[in-house]
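Here is the structure we will look at, set down as structure tokens.
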Amino acid sequence: MQTVREGGVVVRVPEQAEQGAGDEVFYNPDQELNRDVTVAALRAFRDLDRVETYLDATTATGVRGVRAAADGWDVTCLDVDPEAVDLARANFRANDLRGAVRHRDANVDLHRNRYDVVDVDPFGSPIPFADAAFRGTRKLLCVTATDTAPLCGAHFNAGVRRYGAVPRNTEYHAEMGVRVLLSALARTGARYDVGVTPLLTHATRHYVRTYLELDTGGGVADDAISELGYVHHCPECLHREAEFGLIAHPPDRCPSCEGDQVVTAGPIWLGSIRERAFASAVAGNLDDDMSTRDAAEKLLSTLEAELDTPTHYDQHRLCARWGRAAGPMDDFLDALRGAGFAASRTHYGGTTFKTDAAVAEVREATRE
Ligand SMILES: [Zn+2]
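Each residue of the sequence shown is one higher than the one before, starting from 22 at the first, in our numbering.
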């Protein structure tokens, strides 16, 4: 066992052999930023709505639940592993905090009980918990997915099976993962007449994280479905087009370069992945106990400013394709804006950007 201080609490966690590989209860130090942002997002959400109960559906060491309890939430933690239950209970006691830790499968519990906020943060895909989570969540559903290879199309068949969508392995693969996950969750909610509004979503390192505000009713569920559609992508010139709706009409040839290699991804979520005001409010709720505060602030401010186009570009990839040297991002974005286009950085990487310009227009606008 080792002791870890995180966000003002101290928890004991097993020595980790390899990422989730051993039999030990899993603690992922790479996700400290995810947990810091979670605490801040829960605070921001509590300012918007009357919420008290928080479920950590797959608790492992209990670290999420302990941190939520330290922040005043009425916490329940679940795990199917009795060792995890014992460890999580010990971690609550060690911090002198109250929380119900139950040896129970979240899929069973969420069919009996409902919580204001439900956090599904399993190792791998959240899909095995998705249906139950929509039944058992009143207001806010937080979801982590670490199976990025299926989500982004690198493991194509697994992505199709698990998420009921066609993912494509493009140069915006992390964003593909975000939008495949949101699509699957929107469609799962819609089965129960629940509509989702993504308040905050980010792809960081090897996971995707989203916070969905839930509303009940056929109309709001229809609204969420209306945010779904397809992206038609040309791997030859990197032109891409989005098409809303559940019936795809892929072009025979790329409208930009006339190439015949166009691939279609979808149905993916084409709508906004966050609300600007919420991203700003989350940033305002970070605090100095959070060791990832600087990185989280940068992430949230980039997310706040990010355009809502469903795909992004990488300046270095484009410049390599065009036989040019890449330049400073700010100059590149200024050139686009100077030509009358909207342009922003994205949180997906330091050389990535979004714009309403087509790829041929990007090339022309940034020509030296
Ligand atoms: Zn093309």
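Virtual Cβ for every residue (Gly too), placed ideally from N, Cα, C.
Distances between the C-beta of Glu257 and the heavy atoms of ligand 1 include at least one below 6 angstroms. Taking 6 angstroms as the cut-off, the C-beta of His253 does not count as close to any heavy atom of ligand 1. Across the set Ala263, Asp236, Arg135 and Gly371, the C-alpha of Arg135 shows the shortest separation from the C-alpha of Thr97. Spanning the alpha carbons of Gly250 and Ala211 requires a straight line of approximately 15 angstroms. Apart from the 5 residues on each side of it in sequence, Ala90 sits with its Cβ closer than 6 angstroms to the Cβ of Val96, Leu118 and Gly120 in its chain, given in chain order. Bounds of the alpha helix (DSSP H) holding Trp343 are Gln336 to Trp343. Proximity of the stretch 190–210 to the stretch 327–335 meets the contact definition, three or more beta-carbon pairs being nearer than 8 angstroms.
The beta carbon of Ala105 sits closer than 6 angstroms to the beta carbons of Val46 and Ala81 from its chain, once the five residues preceding and following it are set aside; these are given in chain order. For Arg338, the closest of Thr313, Arg56 and Phe374 by C-alpha to C-alpha distance is Phe374.
By alpha-carbon distance to Arg110, the top candidate from Val129, Asp126 and Gly83 is Gly83.
Closest in alpha carbon position to Leu162, among Gly28, Leu76, Gly29 and Asp57, is Leu76.
Less than 7 angstroms separates the beta-carbon of Gly280 from that of Cys255. In this structure, the beta-carbon distance from Asp126 to Val101 falls below 7 angstroms.
Ranking Ile268, Ala286 and Arg156 by CA distance to the CA of Leu202 puts Ala286 first.
Distance from the CA atom of Glu385 to the CA atom of Glu36, rounded to whole angstroms, is 54 angstroms. Within the same chain, Cβ atoms closer than 6 angstroms to the Cβ of Ala61 are found at Val303, Asn306 and Leu307, the five residues on either side in sequence being excluded.
Contact between the stretch 268–277 and the stretch 289–298 is absent: fewer than 3 CB-CB pairs across the two stretches fall below 8 angstroms. Within 10 angstroms of the beta-carbon of Asp137 lie 16 or more other beta-carbons, which makes it buried. From the listed residues Phe155, Asn112, Ala115 and Gly145, the smallest Cα separation to Asp130 is found for Phe155. Remark: the C-beta of Ser293 is outside contact range of ligand 1, defined as less than 6 angstroms to any heavy atom. When DSSP states are grouped into helix, strand and coil, Val303 belongs to the helix group. When Leu321, Trp343, Asp57 and Glu196 are compared, the shortest CA-CA separation from Met311 is found for Asp57. In this structure, ligand 1 has no non-hydrogen atom nearer than 6 angstroms to the beta-carbon of Gly305.
Contact annotation: Pro143 and Ser204 have beta-carbon atoms that are not nearer than 7 angstroms.
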